[in-house]
Amino acid sequence: MNLGGRIILIGDSITEWGRHEDPEGIGKGYVRVIHDYFKITKPDSKIEIVNRGVGGNRINDLKSRWDQDILELNPDTVSISIGINDVWRQLDQPELEQIYPDRFEAIYRHLLKQVKNHTNASLILMEPTIIEESLLSEGNKMLKPYVDIVNRLAEEYHAILVPTHQAFMKYLHTNSDYRLTTDGVHLNSAGNLLVAQQWMKAVEN
């Protein structure tokens, strides 16, 4: 994929990660790693990285701000990372109205149609990462249908798929005691590097 122009990365706190405190609005998570990679490797390029992550967001929250944060900004590429909170809220706030896989897929498909119908942007879909650093955690079991949906939609909409969940699960299989998160969900520097690495590899391939 030949990246250029305005690349909007939208998602939840994993994408947001410090952007409001950053004068550049990039943050200190995986978006920062991607931004700096382009600055170093393509210093003459016209690539503009825009971070539109908002902590706590689920897929319905993306829908509510899709016009403002995506369509009105006329992106050349849209990268979407969502799904963690759609599952996590089922575990930590069961009293909320929940977003189960069927609704998740319907809203996600609607957002992708909006991009296709109103922009010329390319699409990058990122699998949700992990919920707890355990292969057998309840969160990771519940996350599987959401990961499958992202894979299916990436194929259907000819989007680049970033196999983030697969990369994290592969790492967990190594039984390394070096952690990738601060609390089982939010990424530390190693986790952010892994996400950025998977993103760049998918894009460059």
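Per this note's numbering, the sequence shown starts with residue 8, numbered consecutively. Backbone N, C-alpha and C define an ideal beta-carbon position, used for all residues, glycine too. Only a predicted model underlies this, so the values are computations on that prediction, with no experimental measurement involved.
{"Query": "Nearest candidate by alpha-carbon position, reference Asn147, set Asp93, Thr181, Asn127", "Result": "Asp93"}
{"Query": "Strand pairing of Thr188, partner residues [DSSP]", "Result": "Leu194"}
{"Query": "Expected contact under 8 Å - CB spacing of Ile17 and Gly60 to nearest Å", "Result": "7 Å"}
{"Query": "Buried versus exposed, by CB contacts within 10 Å (16 or more), Gln205", "Result": "buried"}
{"Query": "Secondary structure of Thr84, DSSP reduced to three states", "Result": "strand"}
{"Query": "Gln57 - DSSP class collapsed to helix/strand/coil", "Result": "It is Val, not Gln, that sits at residue 57 in the sequence shown. Reduced to three states, the DSSP call for Val57 is strand."}
{"Query": "Burial state of Thr136 (16 or more Cβ within 10 Å)", "Result": "buried"}
{"Query": "Inter-residue spacing [alpha-carbon to alpha-carbon] between Ile156 and Glu28", "Result": "33 Å"}
{"Query": "Identified DSSP bridge partners for Leu168", "Result": "Leu132"}
{"Query": "Cβ-Cβ distance between Tyr153 and Gly90 below 8 Å", "Result": "yes"}
{"Query": "Simplified DSSP state of Gly146, which is helix, strand or coil", "Result": "helix"}
{"Query": "Counterpart residues of Leu10 in DSSP-defined beta bridges", "Result": "Answer is none; Leu10 lacks a bridge partner."}
{"Query": "From Asn67, Arg13, Tyr37, Gly34, residue whose alpha carbon lies closest to that of His117", "Result": "Asn67"}
{"Query": "Short Cβ contact (8 Å threshold) for Leu201 with Gly36", "Result": "no"}
{"Query": "Proximity winner among Gly11, Asp76, Thr188, relative to Phe45 (alpha-carbon distances)", "Result": "Gly11"}
{"Query": "Cβ distance (whole Å) where Ile41 is taken to contact Met207 below 8 Å", "Result": "7 Å"}
{"Query": "Rounded straight-line distance, which links the Cα of Ser20 to that of Gly32", "Result": "14 Å"}
{"Query": "Where the alpha helix (DSSP H) containing Thr48 begins and where it ends", "Result": "37 to 48"}
{"Query": "C-alpha gap between Gln75 and Leu130, whole angstroms", "Result": "18 Å"}
{"Query": "Which residues DSSP lists as bridging Ile17, in chain order", "Result": "Arg59, Ile87"}
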